[in-house]
(Lines of atoms letter the chains of each structure in order from A; the text may use other names.)
(Lines give C-alpha, C1' and ligand atoms only; values in the text may rest on other atoms or scores of the structure.)
Protein backbone atom coordinates (compact mmCIF):
# COMPACT_ATOMS: atom_id res chain seq x y z
CA UNK A 650 0.00 0.00 0.00
CA UNK A 651 2.85 2.41 0.80
CA UNK A 652 4.37 1.74 -2.62
CA UNK A 653 1.10 2.67 -4.35
CA UNK A 654 0.82 5.91 -2.30
CA UNK A 655 4.40 6.78 -3.23
CA UNK A 656 3.70 6.11 -6.92
CA UNK A 657 0.55 8.27 -6.78
CA UNK A 658 2.53 11.10 -5.17
CA UNK A 659 5.31 10.86 -7.77
CA UNK A 660 2.77 10.71 -10.57
CA UNK A 661 0.96 13.81 -9.29
CA UNK A 662 4.24 15.64 -8.72
CA UNK A 663 5.42 14.81 -12.24
CA UNK A 664 2.09 15.99 -13.73
CA UNK A 665 2.36 19.23 -11.73
CA UNK A 666 5.93 19.84 -12.95
CA UNK A 667 4.93 19.20 -16.58
CA UNK A 668 1.96 21.58 -16.29
CA UNK A 669 4.13 24.23 -14.63
CA UNK A 670 6.70 24.05 -17.44
CA UNK A 671 3.93 24.21 -20.05
CA UNK A 672 2.40 27.28 -18.39
CA UNK A 673 5.81 28.97 -18.12
CA UNK A 674 6.60 28.16 -21.75
CA UNK A 675 3.28 29.57 -22.97
CA UNK A 676 3.66 32.67 -20.76
CA UNK A 677 7.14 33.49 -22.08
CA UNK A 678 5.98 32.85 -25.64
CA UNK A 679 3.08 35.29 -25.20
CA UNK A 680 5.49 37.81 -23.62
CA UNK A 681 7.90 37.54 -26.56
CA UNK A 682 5.05 38.02 -29.03
CA UNK A 683 3.72 41.05 -27.13
CA UNK A 684 7.18 42.63 -27.09
CA UNK A 685 7.06 42.85 -30.88
CA UNK A 686 4.53 45.68 -30.50
CA UNK A 687 4.89 46.90 -26.91
CA UNK A 688 8.05 48.29 -25.31
CA UNK A 689 8.75 46.43 -22.07
CA UNK A 690 8.07 48.54 -18.96
CA UNK A 691 11.32 47.16 -17.50
CA UNK A 692 13.89 44.48 -18.22
CA UNK A 693 15.50 41.81 -16.07
CA UNK A 694 18.72 43.85 -16.14
CA UNK A 695 16.87 46.91 -14.84
CA UNK A 696 15.22 44.84 -12.10
CA UNK A 697 18.65 43.55 -11.07
CA UNK A 698 19.91 47.12 -10.86
CA UNK A 699 16.88 48.15 -8.83
CA UNK A 700 17.20 45.29 -6.34
CA UNK A 701 20.94 45.81 -5.94
CA UNK A 702 20.23 49.33 -4.68
CA UNK A 703 21.30 51.27 -7.78
CA UNK A 704 17.78 52.32 -8.77
CA UNK A 705 16.36 52.52 -12.27
CA UNK A 706 18.29 54.76 -14.61
CA UNK A 707 16.39 55.23 -17.86
CA UNK A 708 16.46 58.01 -20.39
CA UNK A 709 14.46 56.81 -23.36
CA UNK A 710 14.72 58.78 -26.58
CA UNK A 711 12.31 58.21 -29.44
CA UNK A 712 14.08 56.54 -32.36
CA UNK A 713 12.86 59.28 -34.70
CA UNK A 714 14.90 61.81 -32.69
CA UNK A 715 18.17 59.91 -33.21
CA UNK A 716 20.09 60.65 -36.39
CA UNK A 717 20.61 57.91 -38.94
CA UNK A 718 24.38 58.31 -38.57
CA UNK A 719 24.17 57.75 -34.80
CA UNK A 720 22.09 54.59 -35.35
CA UNK A 721 24.59 53.31 -37.92
CA UNK A 722 27.50 54.12 -35.59
CA UNK A 723 25.94 52.00 -32.83
CA UNK A 724 25.37 49.13 -35.25
CA UNK A 725 28.94 49.39 -36.55
CA UNK A 726 30.45 49.44 -33.06
CA UNK A 727 28.35 46.59 -31.65
CA UNK A 728 27.63 44.23 -34.53
CA UNK A 729 29.13 44.97 -37.95
CA UNK A 730 27.31 42.04 -39.56
CA UNK A 731 23.90 42.79 -38.01
CA UNK A 732 22.15 42.86 -41.38
CA UNK A 733 23.90 39.70 -42.57
CA UNK A 734 22.94 37.18 -39.87
CA UNK A 735 19.87 35.93 -38.05
CA UNK A 736 21.00 36.54 -34.50
CA UNK A 737 24.25 34.53 -34.46
CA UNK A 738 27.60 35.44 -36.02
CA UNK A 739 29.17 31.98 -36.23
CA UNK A 740 32.50 33.21 -37.65
CA UNK A 741 32.94 35.61 -34.73
CA UNK A 742 31.94 32.88 -32.29
CA UNK A 743 34.61 30.56 -33.74
CA UNK A 744 37.23 33.33 -33.56
CA UNK A 745 36.30 34.08 -29.95
CA UNK A 746 36.50 30.38 -29.02
CA UNK A 747 39.99 30.09 -30.53
CA UNK A 748 41.10 33.27 -28.75
CA UNK A 749 39.65 32.09 -25.42
CA UNK A 750 41.48 28.75 -25.66
CA UNK A 751 44.82 30.51 -26.11
CA UNK A 752 44.40 33.53 -23.86
CA UNK A 753 43.53 34.19 -20.23
CA UNK A 754 41.35 37.14 -21.23
CA UNK A 755 37.92 36.22 -22.53
CA UNK A 756 36.68 37.62 -25.82
CA UNK A 757 32.96 37.72 -26.53
CA UNK A 758 31.13 37.40 -29.81
CA UNK A 759 27.58 38.36 -28.89
CA UNK A 760 25.45 39.98 -31.54
CA UNK A 761 23.01 42.79 -30.82
CA UNK A 762 20.20 40.21 -30.83
CA UNK A 763 22.01 38.12 -28.22
CA UNK A 764 22.61 41.21 -26.07
CA UNK A 765 18.92 42.12 -26.28
CA UNK A 766 17.94 38.56 -25.30
CA UNK A 767 20.29 38.70 -22.30
CA UNK A 768 19.28 42.17 -21.14
CA UNK A 769 15.52 41.78 -21.59
CA UNK A 770 14.98 38.19 -20.41
CA UNK A 771 18.03 37.03 -18.43
CA UNK A 772 20.44 37.92 -15.66
CA UNK A 773 23.95 39.33 -16.03
CA UNK A 774 26.94 37.09 -15.53
CA UNK A 775 28.66 34.24 -17.27
CA UNK A 776 27.40 30.68 -17.15
CA UNK A 777 26.63 27.95 -19.62
CA UNK A 778 23.00 27.87 -18.44
CA UNK A 779 22.55 31.60 -19.14
CA UNK A 780 24.27 31.23 -22.53
CA UNK A 781 21.95 28.33 -23.46
CA UNK A 782 18.90 30.35 -22.46
CA UNK A 783 20.29 33.36 -24.33
CA UNK A 784 20.56 31.19 -27.44
CA UNK A 785 16.93 30.12 -27.07
CA UNK A 786 15.64 33.68 -26.55
CA UNK A 787 17.79 35.01 -29.41
CA UNK A 788 16.27 32.41 -31.71
CA UNK A 789 12.77 33.31 -30.52
CA UNK A 790 13.15 37.08 -30.99
CA UNK A 791 14.69 36.60 -34.43
CA UNK A 792 11.69 34.61 -35.74
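Residue numbers (the working numbering): 650 to 792.
Using N, Cα and C, we set each Cβ at its ideal position, and we do this for glycine too.
Please read these numbers as outputs of a predicted model, since none were measured by experiment.
Which residues bound the alpha helix (DSSP H) around residue i?
| i | result |
| --- | --- |
| residue 702 | Counting along the chain, residue 702 falls outside any alpha helix (DSSP H), and DSSP gives it neither H nor E. |
| residue 784 | 777-791 |
| residue 722 | 717-727 |
For residue i, is the classification buried or exposed, using 16 other Cβ atoms within 10 angstroms of its Cβ as the cut-off for buried?
| i | result |
| --- | --- |
| residue 783 | buried |
| residue 787 | buried |
| residue 736 | buried |
| residue 712 | exposed |
| residue 766 | buried |
For residue i, name the three-state secondary structure that DSSP assigns.
| i | result |
| --- | --- |
| residue 692 | coil |
| residue 684 | coil |
| residue 679 | helix |
(message) Using 8 Å as the cut-off, can you tell me whether the segment 759-768 makes contact with the segment 727-739, which would need three or more C-beta pairs spanning the two stretches below that distance?
(response) yes
(message) Check whether the segment 764-777 and the segment 685-695 are in contact - that is, three or more C-beta pairs closer than 8 Å.
(response) yes
(request) Could you name each continuous beta strand (DSSP E) segment of 3 residues or more that falls completely within the segment 730-780, going from the start of the chain to the end? (result) none
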